[in-house]
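Sequence positions in the sequence shown follow this note's numbering and run 31 to 943.
Glycine is no exception: its CB is placed at the ideal position from the N, C-alpha and C atoms.
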Amino acid sequence: MIKSRYITVILFTVFFPFAAFAQEQTVHRQSVDSISIFELMEAVEANTSYCIYTTIVDSFNVKKQALEFSVDYLQKALAPMHYKVTIYENQLFVLPEILLTTTLSSTLQREKTEEVSSSFHLIPIEKAVSENKVYEIGDKNNPSSEERVELNGQVTNFRTGQNVPGVNIVLRKPWISVVTDRDGYFTIKLPSGYNVLEIEGLGVRETRRQFMLYGDGNVHIELEEDNHLLDEVVIVSERLHNVKSTQLGVERFRPALLKNIPTAMGEVDLLKMLQTLPGVKTVGEASNGYNVRGGATDQNLLLLNNGTIYNPNHLFGLFTAFNSDMIKDAELYKSSIPSRFGGRISSVLNITSKEADKEKFTGSAGIGLVTSKLNLEIPVIKEKTSILLSGRTTYSDWIMKMLPEKSGYRDGNAGFYDVGAVFSHTVNNHNKLNVYGYYSHDRFAFNDNVKYAYDNMNVSLIWRSVLSAKLIGNFSFGYDHYDYLNDETTEKTAAARLSFDINQWFGKADFSYNVNDKHLLNFGAISQYYNINPGRYEPLHKESLVKKDVLQKDKALESAIYWGDEWKIVPELSVDIGVRYSIFNLLGPRTDYVYQKGVLPSSNSFIDVAAVNTGKIAKTYQGPEFRCAARYAFTDALSLKAGFNTMRQYIHKISNTTIMSPTDTWKLSDPNIKPQKGWQVATGIYYNIPKMGLEFSMEGYYKKLSDYLDYRSAAKLLMNHHLETDVINTEGHAYGVELQVKKPSGKLNGWLSYTYSRTFLRQNDPRISRPVNNGDWYPAEYDKPHDFKLVGNYKFTRRYSMSFNVDYSTGRPTTVPAGQYYDKGLNTMQVYYTDRNSFRVPDYFRLDFSFNVEPSHHLVLLTHSSISIGIYNVTGRRNVYSVYYVSEGGKIQGYRMSVFGAPIPFITYNIKF
Numbered sequence: 031m032i033k034s035r036y037i038t039v040i041l042f043t044v045f046f047p048f049a050a051f052a053q054e055q056t057v058h059r060q061s062v063d064s065i066s067i068f069e070l071m072e073a074v075e076a077n078t079s080y081c082i083y084t085t086i087v088d089s090f091n092v093k094k095q096a097l098e099f100s101v102d103y104l105q106k107a108l109a110p111m112h113y114k115v116t117i118y119e120n121q122l123f124v125l126p127e128i129l130l131t132t133t134l135s136s137t138l139q140r141e142k143t144e145e146v147s148s149s150f151h152l153i154p155i156e157k158a159v160s161e162n163k164v165y166e167i168g169d170k171n172n173p174s175s176e177e178r179v180e181l182n183g184q185v186t187n188f189r190t191g192q193n194v195p196g197v198n199i200v201l202r203k204p205w206i207s208v209v210t211d212r213d214g215y216f217t218i219k220l221p222s223g224y225n226v227l228e229i230e231g232l233g234v235r236e237t238r239r240q241f242m243l244y245g246d247g248n249v250h251i252e253l254e255e256d257n258h259l260l261d262e263v264v265i266v267s268e269r270l271h272n273v274k275s276t277q278l279g280v281e282r283f284r285p286a287l288l289k290n291i292p293t294a295m296g297e298v299d300l301l302k303m304l305q306t307l308p309g310v311k312t313v314g315e316a317s318n319g320y321n322v323r324g325g326a327t328d329q330n331l332l333l334l335n336n337g338t339i340y341n342p343n344h345l346f347g348l349f350t351a352f353n354s355d356m357i358k359d360a361e362l363y364k365s366s367i368p369s370r371f372g373g374r375i376s377s378v379l380n381i382t383s384k385e386a387d388k389e390k391f392t393g394s395a396g397i398g399l400v401t402s403k404l405n406l407e408i409p410v411i412k413e414k415t416s417i418l419l420s421g422r423t424t425y426s427d428w429i430m431k432m433l434p435e436k437s438g439y440r441d442g443n444a445g446f447y448d449v450g451a452v453f454s455h456t457v458n459n460h461n462k463l464n465v466y467g468y469y470s471h472d473r474f475a476f477n478d479n480v481k482y483a484y485d486n487m488n489v490s491l492i493w494r495s496v497l498s499a500k501l502i503g504n505f506s507f508g509y510d511h512y513d514y515l516n517d518e519t520t521e522k523t524a525a526a527r528l529s530f531d532i533n534q535w536f537g538k539a540d541f542s543y544n545v546n547d548k549h550l551l552n553f554g555a556i557s558q559y560y561n562i563n564p565g566r567y568e569p570l571h572k573e574s575l576v577k578k579d580v581l582q583k584d585k586a587l588e589s590a591i592y593w594g595d596e597w598k599i600v601p602e603l604s605v606d607i608g609v610r611y612s613i614f615n616l617l618g619p620r621t622d623y624v625y626q627k628g629v630l631p632s633s634n635s636f637i638d639v640a641a642v643n644t645g646k647i648a649k650t651y652q653g654p655e656f657r658c659a660a661r662y663a664f665t666d667a668l669s670l671k672a673g674f675n676t677m678r679q680y681i682h683k684i685s686n687t688t689i690m691s692p693t694d695t696w697k698l699s700d701p702n703i704k705p706q707k708g709w710q711v712a713t714g715i716y717y718n719i720p721k722m723g724l725e726f727s728m729e730g731y732y733k734k735l736s737d738y739l740d741y742r743s744a745a746k747l748l749m750n751h752h753l754e755t756d757v758i759n760t761e762g763h764a765y766g767v768e769l770q771v772k773k774p775s776g777k778l779n780g781w782l783s784y785t786y787s788r789t790f791l792r793q794n795d796p797r798i799s800r801p802v803n804n805g806d807w808y809p810a811e812y813d814k815p816h817d818f819k820l821v822g823n824y825k826f827t828r829r830y831s832m833s834f835n836v837d838y839s840t841g842r843p844t845t846v847p848a849g850q851y852y853d854k855g856l857n858t859m860q861v862y863y864t865d866r867n868s869f870r871v872p873d874y875f876r877l878d879f880s881f882n883v884e885p886s887h888h889l890v891l892l893t894h895s896s897i898s899i900g901i902y903n904v905t906g907r908r909n910v911y912s913v914y915y916v917s918e919g920g921k922i923q924g925y926r927m928s929v930f931g932a933p934i935p936f937i938t939y940n941i942k943f
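Set out below in structure tokens:
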């Protein structure tokens with residue numbers, strides 16, 4: 031049967047020098063003297079040795095002739111329709127008003143075997159760019175005697191030169207498959223002789239490559255982008271990777287492919303997308319930070335190009351701190367955390383910026399009700415060097431003007447901007463340098479007397495090197511910075527500034543060694559230096575009587591080495607085992623109080639002072655972290671997985687809120703504050719139905735936490751020189767089950783998930799005389815047992831679609847007052863509270879909707895624009911963000927606070943050029 035073979039036609043459009051023009055066709059009613067063009071092409075294929083390729087999508091009729099079904103007949107029938115037939119070898123190309131040039135273009139003429147001279151021997155790399163050519167690998171005159179040979183490869187984007195991870199490479203008979211790793215590399219064992227590999231992946235065109243394998247060898251495969259896939263709301267959990275990988279609790283996605291998800295203010299937001307996944311929760315609407323499988327917000331490691339982001343939000347949590355247009359992909363590890371990651375005990379979110387097009391200048395821009403953004407991709411040296419520039423700003427002061435007069439915030443203002451840059455240079459086929467830069471600034475003020483501002487900055491350099499045919503190295507160095515300040519000028523004599531900053535330098539070396547088709551080793555080392563200013567309180571001007579106060583700096587060196595082995599024991603059974611050994615050295619100069627043993631730290635239990643000079647070690651914490659995951663595949667569509675991992679965390683967020691706040695500070699572990707530790711065990715079952723395009727998964731987990739910091743009653747968190755006197759070590763545990771159904775493609779696509787989970791804490795330190803809830807377990811502030819999420823997108827046509835979200839969850843816990851009593855000692859009325867978190871706010875529900883118009887698919891247009899119109903919180907439900915109580919007329923009165931208590935319409939316009 032004749033099919034429109036777009037892949038090959040588009041490849042020829044790129045590689046052969048001719049221009050393509052769109053041609054609109056009219057569908058005719060078929061009569062006895064006419065024949066459908068598709069029927070005619072099928073007949074020509076059946077009666078000749080030719081294979082037909084065409085761009086025709088809609089059928090039309092041509093005049094029926096009393097001739098046999100030949101090429102000449104096809105040419106004459108198409109002549110009035112402005113289509114031409116071109117013959118190339120045993121192939122026919124039916125294209126509008128075009129005759130293919132059947133000689134190789136300069137692009138293919140340059141195709142050759144690449145080899146880089148070095149001090150060690152490298153097998154030549156064959157560059158495979160065409161799906162019609164048969165590439166010879168190995169020595170034809172001295173073929174291998176082995177039944178199977180090893181093919182090592184790299185997959186890149188033909189247009190940008192950027193490595194492409196998560197690409198499926200499949201040999202159908204016998205079934206052998208592999209998925210490119212995070213750096214775009216793969217290794218596959220194939221039968222000697224002729225092989226056809228089918229290649230597919232998110233954002234690239236489906237294609238194939240033909241190989242004649244005489245022995246082991248290397249190949250460089252270049253793929254073209256498939257922009258049509260941008261129409262679909264897809265979480266990247268490839269059909270093969272979902273079942274066959276050993277990892278569980280991992281979500282991979284590309285923000286550009288999730289642009290149709292309705293969000294507040296219409297801005298594509300990576301962290302809001304993250305919150306639509308099972309096992310990821312927040313305490314309320316527009317909340318900063320997120321909670322993963324019972325972990326606190328500070329227990330999530332957020333990496334941007336290997337640098338740490340300490341506050342990932344803009345504008346009170348309404349927006350993510352980085353522009354989604356500059357993001358290539360992101361990976362969330364809820365369990366099965368690779369041994370190369372450490373430093374947090376709950377999850378890892380690893381974000382990678384994309385590189386600019388190395389062939390031609392391109393860009394994109396967007397404008398919405400609150401923000402505008404611009405993204406430029408600039409080639410510097412064709413096929414070798416490029417620069418990506420990205421920026422975003424806001425004009426959100428009008429939001430403050432919409433607040434009620436009685437709120438007291440109507441005269442306030444708020445805004446932010448962020449900028450990013452990526453410099454990419456391909457040194458040669460085995461070495462590549464990327465330099466990343468990012469900076470963001472937020473400012474807001476509720477009135478002229480109280481102002482806030484905070485900044486994020488990250489700079490990183492990553493050198494990727496193919497050291498040998500089996501060994502790949504990634505070397506990165508960088509600097510991370512976060513700071514905030516709060517100015518208070520209500521009274522001139524009390525005008526003051528409170529500030530905090532954290533500075534972090536890091537170096538990292540990661541290696542991947544492909545031993546054989548059964549073992550892939552990952553090993554490396556990382557070291558990072560902290561320099562934290564926990565707080566400064568100082569006068570703003572000479573008239574202020576505020577006394578300057580500065581907390582002593584926290585300095586430390588955290589280092590780790592790691593090793594892991596991805597071991598394919600048999601085709602059905604694979605394991606991923608690893609170990610990470612971390613060591614934390616707290617450095618001087620500093621002084622720490624020494625307290626009586628067996629007694630909580632306090633001013634009464636203080637007995638001595640321990641001082642350490644510059645460069646000396648004040649305290650060392652260290653220990654191993656174990657990582658293990660296993661998978662057994664019953665069939666190609668069904669597998670069972672299990673995993674176990676332990677983690678350590680040497681840094682703590684100090685805050686009086688459950689969310690992440692601009693005024694949060696961070697504190698390193700010291701002689702009186704221990705590191706947090708945790709372990710998790712998880713298991714899951716995964717099942718795919720390829721014919722229906724469905725992916726099912728069910729995961730269960732149990733997590734244990736220790737030495738999590740909680741706070742004593744009336745704790746002082748800001749400008750506290752001895753924080754250990756106001757914190758208490760707490761233990762916790764969490765468990766849950768996550769069910770999910772995904773439909774990644776088709777007219778109706780998206781995912782549906784349900785999570786049941788619980789998180790409990792307790793103060794079991796025997797030194798505590800009156801522990802919370804008498805030492806019994808109590809729900810954490812982010813404990814929300816039931817969580818239901820539906821994300822969908824329905825495509826009416828390639829251009830028009832609608833998207834919707836449904837989000838339901840149990841209300842979060844809260845503590846309510848039970849009454850009042852008179853305290854004779856204080857000579858005042860005091861509030862008596864119930865057990866901590868023994869009540870809940872009302873359940874949360876939200877429905878969002880948007881209508882999307884995608885760009886036309888005329889490739890010759892200079893610009894492509896899209897528009898999204900929608901409503902956030904369609905039902906206008908007043909979801910409770912928090913509950914607070916005030917004393918009015920001798921009675922305690924409770925109030926509910928909502929962030930969005932009405933439908934929020936939005937419109938966003940984007941353009942690509």
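Self-check item: Distance between I922 and V861 (C-alpha atoms, nearest Å)
Solution: 9 Å
Exercise. Could you tell me whether the Cβ atoms of L782 and L724 are closer together than 8 Å?
Key: no
Quiz prompt | For G214 and Q184, believed in contact at Cβ under 8 Å, the rounded distance | solution = 6 Å
Self-check item: Beta carbon of V642 nearer than 8 Å to that of R620
Solution: yes
Quiz item: Counting along the chain, where does the beta strand (DSSP E) carrying D837 start and finish?
Solution: 830 to 839
Quiz item: Taking the alpha carbon of P720 as the point to measure from, which residue in K773, I417, E655, D694 has its own alpha carbon closest?
Solution: K773
Quiz item: Under three-state DSSP, which class holds L501?
Solution: strand
Quiz item: Given K942, which residues of its chain have a CB within under 6 Å of its CB, disregarding the five upstream and five downstream residues?
Solution: S394, H894
Quiz prompt | Between the CA atoms of A932 and N443 - distance to the nearest angstrom | solution = 21 Å
Exercise. Could you name the residues of the same chain whose beta carbon sits closer than 6 Å to that of F818, not counting the 5 residues immediately before and after it, in chain order?
Key: Y784, Y838
Self-check item: Close beta carbons around L333, own chain, < 6 Å, minus the five adjacent residues each side
Solution: N380
Quiz prompt | 6 Å CB neighbourhood of L331 in its chain, flanking five on each side removed | solution = G373, R374, V378
Quiz item: In its own chain, which residues sit with a C-beta less than 7 Å from the C-beta of E177, not counting the 5 before and 5 after it?
Solution: P221, S222
Quiz item: Helix, strand or coil: how does DSSP classify G673 here?
Solution: strand
Self-check item: Where the beta strand (DSSP E) through N248 begins and ends
Solution: 247 to 253
Exercise. Measure the CB-CB distance between A351 and D448 and report whether it falls below 8 Å.
Key: yes
Quiz item: Since K390 contacts K414 with CB under 8 Å, what's their CB separation in whole angstroms?
Solution: The Cβ separation is near 14 Å, so there is no contact.
Quiz item: Which residues in the same chain have their Cβ closer than 7 Å to the Cβ of Y852, if we skip the five residues on either side of it in sequence?
Solution: M859
Quiz item: Using DSSP with H/G/I as helix, E/B as strand and the rest coil, what is Y103?
Solution: helix
Self-check item: Rounded separation between M749 and F826 - CA only
Solution: 58 Å
Exercise. May I ask you to verify whether the region 452 to 459 touches the region 476 to 488, counting CB pairs closer than 8 Å and requiring at least 3?
Key: no
Quiz prompt | Integer-rounded CB distance, given that Y623 should sit under 8 Å from Y651 | solution = Y651 to Y623, Cβ: 18 Å. No contact.
Quiz item: Buried or exposed: where does D606 fall if 16 or more other Cβ atoms within 10 Å of its Cβ makes it buried?
Solution: buried
Quiz item: Does the distance from the C-beta atom of D355 to that of K311 stay below 8 Å?
Solution: no
Practice problem: Kindly indicate which three-state DSSP category A524 falls into: helix, strand or coil? | Solution: helix
Exercise. With F875 as the anchor, note down where its beta strand (DSSP E) starts and where it stops.
Key: 874 to 883
Self-check item: Reference Y830, options F881, T217, S787, H816, closest by Cα
Solution: F881
Quiz item: Under the rule that 16 or more other beta-carbon atoms within 10 Å means buried, what is C658, buried or exposed?
Solution: buried
Quiz item: Between which two residues does the beta strand (DSSP E) harbouring F553 extend?
Solution: 549 to 569
Quiz item: Quick one: what's got a C-beta closer than 7 Å to L581's C-beta in the same chain, skipping five residues either side?
Solution: P564, G565, M749, H751
Quiz item: Exposed or buried, what is E521 when buried is set at 16 or more other beta-carbons lying within 10 Å of its beta-carbon?
Solution: exposed
Self-check item: Cross-strand partners of A351 (DSSP beta bridge)
Solution: A351 is not bridged to any residue.
Quiz item: Of all the options T938, Y939, S898, R870, which has the alpha carbon lying nearest to the alpha carbon of G314?
Solution: R870
Self-check item: Where the beta strand (DSSP E) through E230 begins and ends
Solution: 223 to 231
Quiz item: Under a Cβ-count criterion, where at least 16 other Cβ atoms within 10 Å of its own Cβ denotes burial, should P872 be classed as buried or exposed?
Solution: exposed
Quiz item: Counting Cβ pairs closer than 8 Å, one from the region 708 to 717 and one from the region 276 to 283, do we hit at least three?
Solution: yes
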